[in-house]
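Visitor: Numbering (the numbering used here), first residue to last: 8 to 547.
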């Protein structure tokens, strides 16, 4: 079963997209290890004599090279086959030395162009109209992708230039994406990151079901250990470059491998998919510090169930949420998608929602600078904020009425919180987010965003430790999607007014059902790519 989760857990994100987030801060930390890996050229003349090869394979030695041995590799004119073999062999020795775990076999490395990678990704997309319609509502509910854009194009635009390389557990092979496959270059960080995934696969088999999340948040939790370990090893490797170890000098950057048309990445999607890369290394480091690698290995075979566990270094499991569909007058869920039609977005995605709306719509949700207020070693971004702290679970059920160009869409989003105060914090912040879109409150307590990318009607109900949000193209649609649900009677931040109905066209909220266009592709663009290009191979 596929899940709509960001970027494959066996791939590495190009630093240029991380820099896109750094641009919002006057002063912000660089990604752990990103600046040091490969900055120091190989110091062959100063290196100590190479130790003799062992009689048998030992930790820290692979394919004729020790972890602390210099190699003759020059990337200035591209890597020859012989140089690539030496580079990979010593990289394997260094990964196993840092990880204290032996490779079981040599890891082959293939090289392809970014154009070929994009073509392979696109070829694997297929016809997934129902998934796209379902997933569009997920990202619209998160206020990250609007109605007229579609999640497919936004995610494809964000991920198309973000993958520097990937490991395919299906093919047991690393693929490096480069602008010049005939004279390839590989930066140290990418090679070490993907070799770590190869080591994981050799010991734990990343194609197993336990490494495929059933929800977006479940996938983020799993990736917290899969990507977290790879980034952790990458950071420890980078710290030794130019000091204890000589490292191959990285080739000059060609500008991040972008292109392909369209604008820059959607920062809301990017921030969501970066969570396991950012907070995962902190989570891994915490476990290793407390119990050693053996403790981490136990966690790896029983991975976290949510991004909350990664963000807060906790073992707290999501609280079950029951839901009964009560929709009428033609409104239906997508029972074949998600878990019985529902998605779980999770704390990381909710934080991305509030951050993105503060960044793009100046919503009074979170201070965008809080993203860079990190306090822990190996932490790149901060996903901990009051409006999403206390998350206990959520289930988001997209709805549809009709089909094709006549279709209308909505959703019911049930969120559960640890305490009533946590629920109220989320509720108040959500209403302030709506206010940034000129929301109007009807006399009956419904909220209507009259125009723009998120023009719709909303019911927002606070009930103890639960907040339920019902969305539809009109107030009457909201009532049909969730009959008998009533808004919270006391208005909070938005000023109570009578909503003015708009015209009955897509993108305008009215008191009559309207049609919307959608068909975004969703994070499954990455999942499909795995089957063909290895981006998310372990999830298939």
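Cβ coordinates follow ideal geometry from the N, Cα and C atoms, glycine included.
Given a cut-off of 9 Å, decide if residue 176 and residue 85 are closer than it, judged by their beta-carbon atoms.
Guide: Not closer than 9 Å, so no.
Visitor: With 16 as the cutoff for other CB atoms within 10 Å, does residue 523 come out buried or exposed?
Guide: Because residue 523 carries a pLDDT of 28, less than 50, the predicted location of this residue cannot be relied on, and the following value inherits that uncertainty. Residue 523 comes out buried.
Visitor: Leaving out the 5 sequence neighbours to the left and right, which residues in its chain are closer than 7 Å to residue 247 when beta-carbon positions are compared?
Guide: Contacts found: none.
Visitor: Would you grab the beta carbon distance between residue 199 and residue 239 for me? Rounded to a whole angstrom, and I think it's under 8 Å.
Guide: Incorrect: roughly 11 Å between the Cβ atoms, too far for contact.
Visitor: So is residue 65 buried or exposed if we call it buried at 16+ other beta carbons inside 10 Å?
Guide: By the neighbour-count rule (16 or more Cβ atoms within 10 Å), residue 65 is not buried but exposed.
Visitor: Leaving aside the five residues before and after residue 69 along the sequence, list all residues of the same chain whose C-beta is less than 8 Å from its C-beta, in chain order.
Guide: Here the set comprises 96, 97, 99, 100, 103, 110, 113.
Visitor: Who are residue 240's beta bridge partners in DSSP?
Guide: Paired residues: none, contrary to the question.
Visitor: For residue 218, which of 201, 310, 81, 403 has the nearest alpha-carbon?
Guide: Of the candidates 201, 310, 81, 403, the one whose C-alpha sits nearest the C-alpha of residue 218 is 310.
Visitor: Hey, would you say residue 276 sits closer than 9 Å to residue 171, going by beta carbons?
Guide: No, the Cβ-Cβ distance between residue 276 and residue 171 is not below 9 Å.
Visitor: What did DSSP end up calling residue 2 once you bin it into helix, strand or coil?
Guide: Within the shown structure, residues of the chain are numbered from 8 to 547, placing residue 2 beyond reach of any answer.
Visitor: For my contact list, residue 201 and residue 229 are in at a C-beta cut-off of 8 Å; report their separation, rounded to the angstrom.
Guide: Not quite, the Cβ-Cβ distance comes to about 18 Å (not below 8 Å), so this is no contact.
Visitor: Go through its chain and collect everything with a Cβ distance to residue 488's Cβ below 7 Å, but skip five positions before and after it.
Guide: So the list reads 334, 338, 406, 417, 419, 477, 479, once near-sequence residues are dropped.
Visitor: In whole angstroms, give me the CA-to-CA distance for residue 317 and residue 59.
Guide: In a straight line, the C-alpha of residue 317 is about 42 Å away from that of residue 59.
Visitor: Roughly how many angstroms lie between the CA atoms of residue 249 and residue 285, to the nearest whole one?
Guide: About 24 Å.
Visitor: Decide if residue 356 is buried, meaning its Cβ has at least 16 other Cβ atoms within 10 Å, or exposed.
Guide: Residue 356 is buried by the Cβ-count criterion.
Visitor: Which partner residues does residue 405 have in the DSSP bridge list?
Guide: BP columns for residue 405 point to 418.
Visitor: Between which two residues does the beta strand (DSSP E) holding residue 172 run?
Guide: First-last of the beta strand (DSSP E) with residue 172: 170–175.
Visitor: Could you give the DSSP three-state label for residue 363: helix, strand or coil?
Guide: Here residue 363 sits in helix by DSSP.
Visitor: Does residue 45 pass the burial test, meaning 16 or more other C-beta atoms within 10 Å, or should it be called exposed?
Guide: Here residue 45 scores only 45 on pLDDT, less than 50, and its place in the model should not be relied on; the value that follows carries that caveat. Classification of residue 45: buried, given that the 10 Å Cβ count is 16 or more.
Visitor: Take the Cβ of residue 115 as the centre, count every other Cβ of all protein chains shown within 10 Å, and call the residue buried at 16 or more, exposed below.
Guide: The residue in question, residue 115, is exposed, as its Cβ has fewer than 16 Cβ neighbours within 10 Å.
Visitor: Going by DSSP, name the residue or residues bridged to residue 368.
Guide: Looking at the DSSP assignment, residue 368 forms no beta bridge with any residue, so it has no partner.
Visitor: Using 9 Å as the threshold, is the C-beta distance between residue 397 and residue 429 below it?
Guide: Yes, the Cβ-Cβ distance between residue 397 and residue 429 is below 9 Å.
Visitor: Helix, strand or coil, according to DSSP, for residue 113 in the structure here?
Guide: Three-state DSSP puts residue 113 in coil, outside helix and strand.
Visitor: Going by beta-carbon coordinates alone, are residue 400 and residue 423 separated by less than 9 Å?
Guide: For residue 400 and residue 423, yes; Cβs fall inside 9 Å.
Visitor: Of all the options 163, 185, 204, 156, which has the alpha carbon lying nearest to the alpha carbon of residue 178?
Guide: The candidate whose alpha carbon is nearest that of residue 178 is 204.
Visitor: Just to confirm the assignment, what range does the beta strand (DSSP E) spanning residue 459 have?
Guide: Neither: residue 459 is in no beta strand (DSSP E) and is coded neither H nor E.
Visitor: Using the rule of at least 16 other Cβ atoms within 10 Å of the residue's Cβ for burial, across every protein chain shown, is residue 469 buried or exposed?
Guide: Buried is the call here.
Visitor: So for residue 479, helix, strand or coil by DSSP?
Guide: In the structure shown, residue 479 sits in a strand (DSSP, three-state: E or B).
Visitor: Rounded to whole angstroms, what is the Cα-Cα separation between residue 457 and residue 82?
Guide: Those two C-alpha atoms are separated by around 56 Å.
Visitor: Look up residue 206 in the DSSP assignment and say whether it is helix, strand or coil.
Guide: Helix.
Visitor: What is the DSSP secondary structure of residue 165, reduced to helix, strand or coil?
Guide: DSSP places residue 165 in helix when its eight states are reduced to three.
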